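> Under our numbering, think of the first position of the sequence shown as 180, with each following residue one higher.
One structure is given below, represented as structure tokens, and several questions about it will come after.
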Amino acid sequence: MKKQTLLLFLGISLPLAGLAQDNSADAAVVKKVADYAVAHAAFRFTGDNNQTWNTSKEIPAGVTARISDHLSEWHYPNGVLNIAMTDLGNYLKDEKYTAFAQQHVAFAFDNYAYFEALSKKGVKYKGFPFNQLINTRVLDDCGAMGASLLDVYQKVKRSDYRAYIDKAANHISKVQERLADGTLCRPTPYKWTLWGDDLYMSVPFLARMGKLTGNNAYFDDAVAQVKHFSHYLWDERNELYVHYYYEDLKRQGVAHWGRANGWIMLAKVQLLNDLPANHPGRNEVIADVTRQILGIAKCQSASGLFHQVLDRTDSYTETSCTAMFVYSIARGVNEGWLDKRYISIAERGWEGLVKEKIQEDGQLKDVCIGTNTSADLSFYYNRPTELNDFHGIGPVIEAGIEIMRYHANNKK
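Have a look at this one:
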């Protein structure tokens, strides 16, 4: 029996560095996070009197019902989680995780029509189910969920899924507001605002559509968005991205918010997952990812974690952005897009997550909640965290998959 196995059998804790090199230990951590989500997504409805129903057909007339839990909702973090669950199931060859994503999507499509009918009658209330599925207005409403549906559609060929995919593609390509140069933007909080988050809410979907349809226009638009967002949001002096750009003021925001930088890096890497090897913009995207990695590497803390405001060490260390950076760097190394020497940044980040942010029950600490834009830096400093906020679950699972891959292929 090997020494590490014997120590674990005897109940003796191994140092973190040993765990990071043990692929089975990496898998155990990732599955712990994913299994918590599987166990706590109910996929049902709840009423004000705490009655529950498995389908919308069971809801009594006139009763106000809501989706029972965040993990069962239709919101962009759910799309990120579905993509991660599909990736985890494919990597581990465990249908439990791919089934989670399939069940989530089916729950929405099998039940949203009931609420759509209520909406047409003017019925609205707080927590109205599937509102973003029924009413697509901005990229948050369709980009990430649409990308996850494209992944599910590879195995479940429902016609209503394909109809939604085409609807989302039309919205992103032809309906969503853009600046004069074609950069995707949104009408809030000011007309027009460019959000770093929106690179993720568009590009991974566009890349998947390019792969699904063979239409290079989707790839071209995705590459163009990477260039445009870098033009408006890259802070050359600090080598980081700002969170937003106000078109009316022609002015960048003040904060190098961690998760906005994470969304941007994640979007580029997911574009590279599907971008053809011979696409003329591919090398430029890789160079853009590399430039961003060199920028955020200067902000990594001694624990391996990254801060809520990347270049402000007095802001808290934040889980979701750290996981996004770990995934992106490890993915790039695993796929051969990045030099292998960058892996240490990802490994230290993963070690920090395992040691400080992932609880024994699989819940995540210090995940920043959903965040708007603000002109003052204190807004980002003081943005609350919630235990196991669903903005962090998908990225942590994705980070763990790529760390598993690296350690499995580079055993010491």
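No residue lacks a Cβ here, since even glycine has one placed at the ideal position from N, Cα and C.
All of these numbers come straight from a predicted model, not from anything done at the bench.
Return yes when the Cβ of V468 is within less than 8 Å of the Cβ of M444, no when it is not.
The residue you call residue 444 lines up with position 265 of the sequence shown. The residue you call residue 468 lines up with position 289 of the sequence shown. Going by C-beta atoms, M444 is nearer than 8 Å to V468.
> Express the C-alpha separation of D205 and Q542 in angstroms, rounding to a whole number.
Translated into positions along the sequence shown, residue 542 becomes position 363. Translated into positions along the sequence shown, residue 205 becomes position 26. Distance between the alpha carbons of Q542 and D205 is about 16 Å.
> So, using beta-carbon positions, are T458 and F398 closer together than 8 Å?
On the sequence shown, residue 458 is found 279 positions in, with the first residue counted as 1. On the sequence shown, residue 398 is found 219 positions in, with the first residue counted as 1. Note on residue identity: the sequence assigns His, not Thr, to residue 458. Result yes, Cβ atoms of H458 and F398 sit closer than 8 Å.
> What three-state label does DSSP hand F485 in the structure shown?
Your numbering for residue 485 matches position 306 in the sequence shown. If DSSP states are grouped into helix, strand and coil, F485 belongs with the strands.
> Rounded to a whole number of angstroms, what is the C-alpha to C-alpha distance between D346 and A434?
Translated into positions along the sequence shown, residue 346 becomes position 167. Translated into positions along the sequence shown, residue 434 becomes position 255. According to the sequence displayed, residue 346 carries Lys and not Asp. Their backbone Cα atoms lie some 34 Å apart in a straight line.
> Give a yes or no on contact between the segment 255-264 and the segment 323-332, applying the rule of three or more CB pairs nearer than 8 Å.
These segments touch.
> According to DSSP, simplified to helix, strand and coil, what is G226?
Indexing the sequence shown from 1 puts residue 226 at position 47. The answer is strand: DSSP assigns G226 an E or B state.
> Is the segment 234-248 close to the segment 539-556, with three or more CB pairs under 8 Å?
As far as the Cβ criterion goes, the segment 234-248 does not touch the segment 539-556, which means the pair count is below three.
> According to DSSP, simplified to helix, strand and coil, what is A244?
To locate residue 244, count along the sequence shown from 1; it is residue 65. In this structure, A244 counts as strand in the three-state DSSP scheme.
> Less than 6 Å between C-beta atoms, sequence neighbours within five positions excluded: which residues of the same chain meet that for L517?
Within the sequence shown, numbered from 1, the residue matching residue 517 stands at position 338. Within the same chain, L517 has close Cβ partners G511.
> If distances are taken between C-alpha atoms only, which option among P383, M388, A292 and E577 comes closest to Y276?
Numbered from its first residue, the sequence shown carries residue 276 at position 97. Of P383, M388, A292 and E577, the residue nearest in Cα terms is E577.
> Taking only the alpha-carbon atoms, compute the straight-line gap between L185 and S203 and give it to the nearest angstrom.
As a first step, residue 185 must be located in the sequence shown, where it is residue number 6. As a first step, residue 203 must be located in the sequence shown, where it is residue number 24. With a pLDDT of 36 at L185, under the threshold of 50, the modelled position of this residue cannot be trusted; read the value that follows with caution. L185 and S203: Cα-Cα distance of roughly 14 Å.
> Determine the contact status of L484 and G531, defining contact as a CB-CB distance below 8 Å.
By 1-based counting over the sequence shown, the position of residue 484 is 305. By 1-based counting over the sequence shown, the position of residue 531 is 352. Yes, Cβ-Cβ distance for L484 and G531 is below 8 Å.
> Terminal residues of the continuous alpha helix (DSSP H) containing T501?
Mapped onto the sequence shown, residue 501 falls at position 322. Unbroken alpha helix (DSSP H) run through T501: T498 to E514.
> Please look up how many angstroms separate the CB atoms of L318 and Y291, rounded, as I've assumed it's under 8 Å.
Stepping through the sequence shown from its first residue, residue 318 is reached at position 139. Stepping through the sequence shown from its first residue, residue 291 is reached at position 112. The pair is not a contact, with the Cβ atoms about 19 Å apart (cut-off 8 Å).
> Leaving out the 5 sequence neighbours to the left and right, which residues in its chain are closer than 6 Å to L566 when beta-carbon positions are compared?
In the sequence shown, counting from the first residue as 1, residue 566 sits at position 387. Once the five neighbours on either side are set aside, the close Cβ partners of L566 are Q542.
> By Cβ distance below 6 Å, which residues in the same chain neighbour A401 in space, the five residues on each side in sequence not counted?
The residue labelled residue 401 in the question sits at position 222 within the sequence shown. Closer than 6 Å at Cβ, skipping near neighbours: V382, L385, A386 and L450.
> Return helix, strand or coil for T265, following the three-state DSSP convention.
To locate residue 265, count along the sequence shown from 1; it is residue 86. Correct three-state label for T265: helix.
> Within the same chain, show all residues whose beta-carbon is closer than 7 Å to that of W253, passing over the 5 residues directly before and after it, in chain order.
What you label residue 253 is simply residue 74 of the sequence shown in a count that begins at 1. Around W253: A287, F309, Q311, L312 and M324.
> As an exercise, report each continuous alpha helix (DSSP H) stretch of at least 4 residues that is fully enclosed by the segment 266-339, in chain order.
As far as the segment 266-339 is concerned, its whole alpha helix (DSSP H) runs of at least 4 residues are 274-299, 310-313 and 318-332.
> Hey, F224 and S247 are a contact pair by Cβ (cut 8 Å); roughly how many whole angstroms apart?
Position 45 of the sequence shown holds residue 224. Position 68 of the sequence shown holds residue 247. Yes, F224 and S247 are in contact; Cβ-Cβ is about 6 Å, under 8 Å.
> Beta-carbon of A244 versus every beta-carbon of chain B: anything under 8 Å?
The structure shown contains no chain B; it holds only a single protein chain.
> What is the rounded straight-line gap between the Cα of W436 and the Cα of D490?
As a working note, residue 436 is residue 257 in the sequence shown. As a working note, residue 490 is residue 311 in the sequence shown. Looking at the two C-alpha atoms, the distance is approximately 9 Å.
> Between which two residues does the alpha helix (DSSP H) carrying Y585 extend?
For the purposes of this step, residue 585 is taken as the residue at position 406 of the sequence shown. That run of the alpha helix (DSSP H) goes I572 to N588.
> Using a Cβ-Cβ cut-off of 7 Å (strictly less than) and excluding sequence neighbours within five positions of K519, which residues of its own chain qualify?
Taking the first residue of the sequence shown as 1, we reach residue 519 at position 340. Within the same chain, K519 has close Cβ partners V512.
> The alpha helix (DSSP H) with Y559 in it runs from where to where?
Residue mapping note: residue 559 aligns to position 380 of the sequence shown, counting from 1. First-last of the alpha helix (DSSP H) with Y559: L556 to Y560.
> Starting from T599, trace the beta strand (DSSP E) in both directions and tell me its first and last residue.
With the chain represented from 180 up to 591, any question about residue 599 goes unanswered, as that position is not in the structure.
> Measuring alpha carbon to alpha carbon, tell me which of V208, R357, I475 and N589 ends up nearest A403.
Here residue 403 corresponds to residue number 224 of the sequence shown, with the count starting at 1. Closest by alpha carbon: R357.
> So T372 is in the beta strand (DSSP E); what residue range does that whole segment cover?
Here the question's residue 372 lines up with position 193 in the sequence shown. Note, T372: beta strand (DSSP E), T372 to W374.
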